[in-house]
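**Student:** When the count follows my numbering, it moves up by one through the sequence shown with no breaks and lands on 898 for the last residue.
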Amino acid sequence: MALQPVDRDTLRSRLDLLEVAGSYMRLQKAGTEWRGLCPFHDERTPSFYVNPGKGLWICRGQCGVGGDVFDFVMRVEKLDFRQAAELLANRIGCTLITSPGDARRSEERDRLYEVCGLATRLFETALWRPSVGDRAREYLFRRGLTEETIRAFRLGWAPASWEALARHLERAKVPLADAEAAGLIRARDNGRGYYDRFRGRIMFPILDGQDRTLGFGGRVLNAEEEPKYLNTAETPIFAKSTVLYGLPFAVGELTDGAIIVEGYMDVIGLHQAGVRAAVATLGTALTSGHLRLLRRHTERVILCYDADAAGQRATERAAVLFIDEGVEGRVLTLPAGQDPDEYIAAEGRAAWDALVTAAPDLISHRVQTALGQAGDDPLARAAAVQEAVVPILADLRDPLRQAMVLGQVTEWWSSQTSGLSEEFERSLAQAVRDYRRRAARRRQGDERGASAPPPARLTRETRLEHLVLADLLAHPSLLARAREDLGPYLFAAGPSRELYEQLLAGGEEGINNLPSLLSDAAKRLLADLSCRAPREAQEAEDAFARQATELRANALAARLDDLRRQRADLDPEDCEGQEANLRNVYALEQELAAVRRELTRSD
């Protein structure tokens, strides 16, 4: 039987968030909500709340995240939106169809794929055209690449002309605005046409699993020209933090693990030599997104970065990422000054395989590196190990993984000495205490990073905005009064104003569709407010008039502060500007005083 097609909003309405979340975790009734231990961070006291009626969830603990059923599955399964929606649709026996907004975004992405594909073919043609790509071909052959390899990776040449690609796309009837959105061309400052972003460069197309070009890396032939490598900027189809060069060629070869190298030529050279598990990041540091991408194919990843200081720092930073993501990380170290493609070409596959086999895990690598610089003194060696390991322990969020690292270091140290020295044992104990203090501060919200600010730190003005919004969400009948009494400008710019504007635009009928219309920050606010115990309808209605007046007072006070700051920036000799500012300040002071008198009378 054919699956019933549904759009995103229909799918959301048919899903039971309580049932979906409950299939991943244990939830218990807590008033009008359900509560459990947050699946996204370690905790002993439940801070994860689900409001089944609103279809929203929120973590009021360390991570501070929230959202709807799609956000939950995206996080817990580590999927993008499309994958999560398809999984949920399949869960209830449906198939997903796109909304108009999804269709528009899909059409835009298709246009960008098309223009990048046209550019790839132009660059390929230019590389093999006599007199046009001669120098580029000579360089690639000199680096040891065969014609078969060059064609397999679809390498190309961007002519040195300022408009070669722009003119080619124009002749192909491609809207140049699409080429600009794809990061291939730029508009001239004088507004007269476009120029190519990549000129006189060997082009490395960055392909996805469907052989579509997402973006490009371009390398100059002249060693003195900067930058040596130029990458496509972020676009709707290209995000460096979630793309790995060479992955489509490596899929199917990752059973024994992936090898992350630094450059395009490293990947291509290794693949040509038979090491087809090689991939590379694209001019950016390794991210959690990269590891999650690889974890779909393997649980083992080997880092092979340069032996210089920058490469070593990158390896050190990666340690916490690997442990947090549950990926086995190892480090392959090459002789100083050698790149992977150069090493395997000079030493052969057997020598490379020996290095892979001998690659230590990330923690052992850090410890061994530290000991190599510590000399023979036992106390100095113990201090070096502590210095190497404590930063990892301090940054780990999961106590189980922290204990795993401690056990690993302790076992390794015991194998190297007659036993744990008292000094080393105390150092490890101190590291544990430091970690626990950090973890406690994180749970209290002192180190929340990018998560939402803790409620205790909200200003009085923001708390008032949230109270009004919570009443509107719980009692949509108040929206009619809000539309008359509250302009969006009364809410500070940001999530509060965005949520209020969408509430007004959708009315009572549109509340259930809010999650699909909001930014991540506004969606978190919506989830937080929806999971609060609502006030009684009469209480909310009685308080509305005063709260509206307070919002007006807050907005006037903020505007008054802005005008006073502007006065300080005015030229003292600008008499006209100074006078206008003073008139505006006086008028606002009078208006604010009247509003405050109104508040006093209502007390």
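No residue lacks a Cβ here, since even glycine has one placed at the ideal position from N, Cα and C.
Would you decide whether A747 is buried or exposed? Buried here means 16 or more other CB atoms lie within 10 Å of its CB.
**Tutor:** Below a pLDDT of 50, predicted positions are generally treated as unreliable, and A747, at 42, falls in that range; the measurement from the model is reported next regardless. Label assigned to A747: buried.
**Student:** Quick check: the Cα distance between P543 and N526, rounded to an integer number of angstroms?
**Tutor:** Taking the straight line joining both Cα atoms gives about 19 Å.
**Student:** Could you check if Q681 is buried or exposed, using at least 16 other CB atoms within 10 Å of its CB as the buried criterion?
**Tutor:** Per the 10 Å Cβ criterion, buried.
**Student:** Could you have a look at M498 and say whether DSSP puts it in helix, strand or coil?
**Tutor:** Three-state DSSP puts M498 in a strand.
**Student:** Compute the Euclidean distance between the alpha carbons of D780 and A843, then round it to the nearest angstrom.
**Tutor:** When rounded, the distance between both Cα atoms is 7 Å.
**Student:** May I ask which residues mark the beginning and end of the beta strand (DSSP E) holding Y489?
**Tutor:** Note, Y489: beta strand (DSSP E), Y489 to D491.
**Student:** Taking the runs of the alpha helix (DSSP H) that are 4 residues or longer, which of them lie wholly in the region 323-402?
**Tutor:** Fully enclosed alpha helix (DSSP H) runs of 4 or longer: 364-372 and 376-386.
**Student:** Report the option in L820, Q885 and I497 whose CA atom is closest to the CA atom of D363.
**Tutor:** Ranking the options by Cα distance to D363, first place goes to L820.
**Student:** Taking the alpha carbon of G495 as the reference point, which residue from A518, S456 and S401 has its own alpha carbon closest?
**Tutor:** For G495, the nearest C-alpha among the options comes from S456.
**Student:** Have a look at L650, E402, G350 and M369 and flag the residue whose alpha-carbon is nearest the alpha-carbon of I554.
**Tutor:** Comparing Cα positions, the closest option is L650.
**Student:** Taking only runs of the beta strand (DSSP E) that begin and end inside the region 544-573, which ones reach a length of at least 3 residues, in chain order?
**Tutor:** The qualifying runs are 553-556.
**Student:** Going by beta-carbon coordinates alone, are V626 and L598 separated by less than 7 Å?
**Tutor:** Cβ distance < 7 Å, so V626 and L598 count as in contact.
**Student:** Quick check on DSSP: helix, strand or coil for A453?
**Tutor:** Strand at A453.
**Student:** Tell me which residue opens and which closes the alpha helix (DSSP H) that G643 is part of.
**Tutor:** G643 -> no alpha helix (DSSP H), and no H or E assigned at all.
**Student:** Rounded to a whole number of angstroms, what is the C-alpha to C-alpha distance between E419 and I497?
**Tutor:** Roughly 10 Å separates the two Cα atoms.
**Student:** Only counting the same chain, and skipping five residues up and downstream in sequence, which positions put a Cβ closer than 7 Å to that of A848?
**Tutor:** Once the five neighbours on either side are set aside, the close Cβ partners of A848 are L887, V890, R891 and L894.
**Student:** Buried or exposed for N517, please, with buried defined as at least 16 other CB atoms from any protein chain shown within 10 angstroms of its CB.
**Tutor:** Exposed, by the Cβ-count rule.
**Student:** Can you give the Cα-Cα distance for E409 and Y881, rounded to whole angstroms?
**Tutor:** One C-alpha to the other measures close to 59 Å.
**Student:** What are the start and end residues of the alpha helix (DSSP H) that includes A482?
**Tutor:** Taken as a continuous stretch (DSSP letters only), A482 belongs to no alpha helix (DSSP H), being part of the beta strand (DSSP E) at I480 to A482.
**Student:** What residues match up with N526 in a beta bridge as DSSP calls it?
**Tutor:** Paired residue(s): G512.
**Student:** Compare the Cα-Cα distances from R377 to each of L767, R303 and G488 and report the closest residue.
**Tutor:** Selected option, being the one with the closest Cα: R303.
**Student:** Is DSSP giving L598 helix, strand or coil here?
**Tutor:** Strand, per DSSP.
**Student:** Mapping the DSSP letters down to three states, classify A575 as helix, strand or coil.
**Tutor:** Looking at A575 - three-state DSSP - the assignment turns out to be strand.
**Student:** DSSP beta-bridge partners for F533?
**Tutor:** F533 is bridged to T530.
**Student:** Once DSSP output is grouped into helix, strand and coil, what is the label at E623?
**Tutor:** Correct three-state label for E623: strand.
**Student:** Quick check on F617: buried or exposed, where buried means 16 or more other Cβ atoms within 10 Å of its Cβ?
**Tutor:** Buried: at least 16 other Cβ atoms inside 10 Å.
**Student:** According to DSSP, Y540 sits in a beta bridge with which residue or residues?
**Tutor:** A575, per the DSSP bridge assignment.
**Student:** In the structure shown, what three-state DSSP assignment does D243 receive?
**Tutor:** There is simply no residue 243 to check, as the chain begins at 296 and stops at 898 in what is shown.
**Student:** Going along the chain, which residues of its own chain have a beta-carbon closer than 7 Å to the beta-carbon of A669, five neighbours each way excluded?
**Tutor:** Same-chain partners within the cutoff: A675, R676 and A679.
**Student:** Go ahead and label Y907 buried or exposed: buried means 16 or more other beta carbons lie within 10 angstroms of its beta carbon, across all protein chains shown.
**Tutor:** Examination of residue 907 is not possible in this model, given that the chain is present from 296 through 898 alone.
**Student:** How is the alpha helix (DSSP H) around Y434 delimited, first residue to last?
**Tutor:** Residues D429 to R437.
**Student:** If you follow the alpha helix (DSSP H) that L312 is in, where does it begin and where does it stop?
**Tutor:** Residues L312 to G317.
**Student:** In the structure shown, what three-state DSSP assignment does K818 receive?
**Tutor:** Residue state, collapsed to three classes: helix.
**Student:** Give me the Cα-Cα distance between R743 and L312, rounded to the nearest whole angstrom.
**Tutor:** Caution applies to R743, whose pLDDT of 44 falls short of 50 and renders its modelled position unreliable; the value that the coordinates give is listed next. Taking the straight line from one Cα to the other gives about 26 Å.
**Student:** Buried or exposed for D601, please, with buried defined as at least 16 other CB atoms from any protein chain shown within 10 angstroms of its CB.
**Tutor:** Buried: at least 16 other Cβ atoms inside 10 Å.
**Student:** Give the single residue among V360, P454 and P790 whose Cα lies nearest to the Cα of S426.
**Tutor:** Out of V360, P454 and P790, P454 has the C-alpha closest to the C-alpha of S426.
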